[in-house]
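**Q** Protein sequences, first through last, are from chains A and B.
Residue 194 in our numbering sits at position 194 of the first sequence, with consecutive numbering throughout.
Converting from the second sequence to our numbering requires adding 202 to each position, the first position being numbered 1.
All C-beta atoms, glycine included, are put in the ideal place defined by N, C-alpha and C.
There are 2 protein chains.
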Amino acid sequence: MAALEYPAPIRQLIWQLKSLPGIGPRSAERLVLWLLSTGATQAPQLADALKALGSSVEMCEACGFYSECGTQCALCSDDRRQRAVVCVVEQAADVLRLERSGAFRGQYHVLGGKLSPLDNVTPEDLRIAPLLHRVRDLPAEEVILALSSDVEGEATANYIADLLRRAEIKVTRLAQGMPAGGGLDHVDEMTLFRALEGRRTI
Amino acid sequence: MAALEYPAPIRQLIWQLKSLPGIGPRSAERLVLWLLSTGATQAPQLADALKALGSSVEMCEACGFYSECGTQCALCSDDRRQRAVVCVVEQAADVLRLERSGAFRGQYHVLGGKLSPLDNVTPEDLRIAPLLHRVRDLPAEEVILALSSDVEGEATANYIADLLRRAEIKVTRLAQGMPAGGGLDHVDEMTLFRALEGRRTI
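(1) Quick one: complete alpha helix (DSSP H) runs, 4+ long, within the region 105-151 of chain A?
(2) Using 9 Å as the threshold, is the C-beta distance between B:V323 and B:A294 below it?
(3) In whole angstroms, what is the alpha-carbon distance linking B:V234 and A:S55?
(4) Anything in the region 170-194 of chain A with a Cβ closer than 8 Å to a Cβ of chain D? List those residues in chain order, please.
(5) Output the distance between the C-alpha atoms of A:Q16 and A:V151, rounded to the nearest integer angstrom.
(6) Given a threshold of 16 other Cβ atoms within 10 Å of its Cβ, counted over all protein chains shown, does A:D79 qualify as buried or as exposed?
(7) Would you mind reading off the limits of the alpha helix (DSSP H) that contains A:V55?
(8) Does the region 63-74 of chain A come within contact of the region 223-230 of chain B, defined as at least 3 CB pairs closer than 8 Å?
(9) Where does A:Q176 land, buried or exposed, given buried means 16+ other C-beta within 10 angstroms?
(10) State the Cα-Cα distance for the pair A:D119 and B:S221, rounded to the nearest angstrom.
(11) Measuring only between beta-carbons, confirm whether A:M1 sits less than 9 Å from chain B.
(12) Can you name the residues of chain B whose CB is closer than 8 Å to the CB of A:Q208?
(13) May I ask which residues mark the beginning and end of the beta strand (DSSP E) holding A:S67?
(14) Quick check: B:A276 and A:P7, are their CB atoms within less than 9 Å of each other?
(15) For A:A84 versus A:G106, is the C-beta distance shorter than 9 Å?
(16) Taking buried to mean at least 16 other C-beta atoms within 10 Å of its own C-beta, is B:E370 buried or exposed?
(17) Does the distance from the C-beta atom of B:V345 to that of B:L366 stay below 9 Å?
(18) Applying the 10 Å Cβ sphere with the 16-neighbour rule, what's the burial state of B:P381?
(19) Got a sec: is the Cβ-Cβ distance from B:Q284 to anything in chain A below 9 Å?
(20) List, in order along the chain, the chain B residues whose C-beta lies closer than 7 Å to that of A:S67?
(21) Please report the distance separating the alpha-carbon of B:M203 from that of A:E58.
(22) So which residues on chain B does A:I10 lean against when the C-beta distance must stay under 8 Å?
(23) Any idea what DSSP makes of A:R199, helix, strand or coil?
(24) Could you please tell me which residues of the region 287-299 of chain B, in chain order, have their CB closer than 8 Å to any CB of chain A?
(25) What are the boundary residues of the beta strand (DSSP E) that A:V32 is part of?
Okay, here's the thing in structure tokens:
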């Protein structure tokens with residue numbers, strides 16, 4: 001005798017939800033039952049928002065951040081931002097993280113990832129050639145590499161720094177050191193090493 | 203100057219997702235960026251599954267479990283299930299939990315909640331009247347109350363037991379005691395009290 005299961009539409013949605021990152025089979029089941037319990041409104045609204053995502057969001061060709069189809073990119077169209085400094089990040093979410101810090105008012109450039117030979121990510125897969133064109137066209141005087149400090153991030157930073165120095169552009173990177181508000185006990189050795197190395201007179 | 207934000211369709215979907223139980227603002231943002239990074243396929247598929255949920259799942263009028271519109275309820279249409287025993291549960295998800303245990307092959311009846319004066323849940327809000335009709339029509343000899351053992355669950359069980367006993371139906375409830383595989387150190391005092399009270403000769 002076949003085991004009792006939820007009707008097909010419920011199983012289908014559970015299957016879809018549990019393929020999302022951070023949602024396991026039990027959370028997926030709970031979400032679907034919750035949606036069913038809210039009646040007829042919540043699920044269609046969520047469906048519409050998902051459809052809109054696919055059809056009305058595009059990547060800005062210049063900076064790589066997201067923009068709404070048919071409108072100008074909020075970053076590139078803002079002429080109060082400095083044009084002489086470009087901050088290079090791995091992904092679009094990094095742009096908002098830096099913006100929220102309030103420390104930067106220049107141009108951003110989203111690479112779309114980092115070099116990773118193991119995952120077959122080569123310079124052609126990233127928006128590196130567009131970066132070189134953009135730096136020349138703006139023109140930019142300084143490029144800040146705000147990439148992650150793991151092996152792939154460092155390799156990507158070195159690769160881009162090399163190309164930009166050949167074009168005689170100043171290349172900088174984010175300082176490494178202690179996180180704000182954290183004590184020595186919460187920091188790994190490599191971070192401590194870099195914090196010591198980069199110590200500053202007060 | 204207004205802070206930089208994601209385009210409206212992205213904000214809208216983040217807002218929709220973070221209203222779901224167990225999904226906070228950061229998970230919602232990560233999910234949306236992940237959906238964007240997967241390209242054009244994943245978000246519309248999820249949207250379709252959500253639309254189908256609203257339009258093609260309904261509640262079985264007899265037992266209260268979910269069924270696909272236009273098909274018979276998998277539980278009520280299965281004539282190999284005992285008709286003389288009805289197991290009363292709070293919600294549809296409980297049906298599958300009990301089914302997976304393999305210990306029960308009778309009828310289920312989903313109440314749709316439990317009595318809770320604080321949340322304005324009265325007997326009229328639950329499927330109690332349909333339960334009484336169903337017990338008479340089947341006809342059932344025994345009703346198992348598989349409700350949660352918190353205050354509201356107990357109150358609901360007592361309320362229903364009262365009505366059923368007046369109709370001269372045998373009413374039982376799930377045994378309370380130690381969870382399988384657990385030691386004394388993992389069990390609260392109330393569970394231990396009930397496990398002692400219900401001790402059995404071996």
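**A** So, to answer that:
(1) Those alpha helix (DSSP H) runs which fall completely within the region 105-151 of chain A and span 4+ residues are 128-137.
(2) To locate residue 323 of chain B, count along the second sequence from 1; it is residue 121. To locate residue 294 of chain B, count along the second sequence from 1; it is residue 92. 9 Å or more divides the Cβ of B:V323 from the Cβ of B:A294.
(3) As a working note, residue 234 of chain B is residue 32 in the second sequence. As a working note, residue 55 of chain A is residue 55 in the first sequence. Between the alpha carbons of B:V234 and A:S55 lies a gap of roughly 14 Å.
(4) Any reference to chain D falls outside this structure, whose protein chains are A and B.
(5) To locate residue 16 of chain A, count along the first sequence from 1; it is residue 16. To locate residue 151 of chain A, count along the first sequence from 1; it is residue 151. Linking A:Q16 to A:V151 through their CA atoms gives a straight-line distance of about 33 Å.
(6) In the first sequence, residue 79 of chain A corresponds to position 79, counting from 1. So A:D79 ends up on the exposed side.
(7) Indexing the first sequence from 1 puts residue 55 of chain A at position 55. According to the sequence provided, residue 55 of chain A is Ser. The question's Val does not apply to it. Membership of A:S55 in the alpha helix (DSSP H) is indicated by the continuous run 42-56.
(8) When C-beta atoms of the region 63-74 of chain A are compared with those of the region 223-230 of chain B, fewer than three pairs fall below 8 Å, so the two segments do not count as touching.
(9) Here residue 176 of chain A refers to the residue found at position 176 when the first sequence is read from its first residue. Under this definition A:Q176 is an exposed residue.
(10) Mapped onto the first sequence, residue 119 of chain A falls at position 119. Mapped onto the second sequence, residue 221 of chain B falls at position 19. As the crow flies, the alpha-carbon of A:D119 is around 35 Å from that of B:S221.
(11) What you label residue 1 of chain A is simply residue 1 of the first sequence in a count that begins at 1. Low confidence applies here, because A:M1 scores a pLDDT of 47, under 50, leaving its location unreliable; read the following figure in that light. Interface flag for A:M1 against chain B is set, since a Cβ pair is found closer than 9 Å.
(12) Not covered by the structure: residue 208 of chain A. The range shown for chain A is 1 to 202.
(13) In the first sequence, residue 67 of chain A corresponds to position 67, counting from 1. Bounds of the beta strand (DSSP E) holding A:S67 are 66-68.
(14) Locating residue 276 of chain B in the second sequence gives position 74, where the first residue counts as 1. Locating residue 7 of chain A in the first sequence gives position 7, where the first residue counts as 1. Taking a C-beta distance under 9 Å as the contact criterion, B:A276 and A:P7 qualify as a contact pair.
(15) Within the first sequence, the letter at position 84 stands for residue 84 of chain A. Within the first sequence, the letter at position 106 stands for residue 106 of chain A. Going by C-beta atoms, A:A84 is nearer than 9 Å to A:G106.
(16) As a working note, residue 370 of chain B is residue 168 in the second sequence. By the neighbour-count criterion, in which a residue is buried when 16 or more other Cβ atoms sit within 10 angstroms of its Cβ, B:E370 is exposed.
(17) Within the second sequence, residue 345 of chain B is the residue found at index 143, counting from 1. Within the second sequence, residue 366 of chain B is the residue found at index 164, counting from 1. Yes. Within cutoff.
(18) For the purposes of this step, residue 381 of chain B is taken as the residue at position 179 of the second sequence. Flag for B:P381 reads exposed.
(19) Position 82 of the second sequence, counted from the first residue, corresponds to residue 284 of chain B. No - not a single Cβ of chain A is within 9 Å of the one on B:Q284.
(20) Here residue 67 of chain A corresponds to residue number 67 of the first sequence, with the count starting at 1. Those are P209, listed as they occur along chain B.
(21) One-based indexing of the second sequence puts residue 203 of chain B at position 1. One-based indexing of the first sequence puts residue 58 of chain A at position 58. Here B:M203 scores only 47 on pLDDT, less than 50, and its place in the model is too uncertain to base an answer on.
(22) Taking the first sequence and counting its residues from 1, the one referred to as residue 10 of chain A is at position 10. At a beta-carbon threshold of 8 Å, the residues of chain B lying near A:I10 are L255, V259, Y268, ordered along the chain.
(23) For this step, residue 199 of chain A is matched to residue 199 along the first sequence. When secondary structure is reduced to three states using DSSP, A:R199 falls in the coil class, being assigned neither helix nor strand.
(24) In summary, the residues of the region 287-299 of chain B whose CB is separated from some CB of chain A by less than 8 Å are Q293, A294, A295, V297, L298, in the order they occur in the chain.
(25) Here the question's residue 32 of chain A lines up with position 32 in the first sequence. Looking at the DSSP string, A:V32 is not in any beta strand (DSSP E); the run it does join, the alpha helix (DSSP H), is 25-37.
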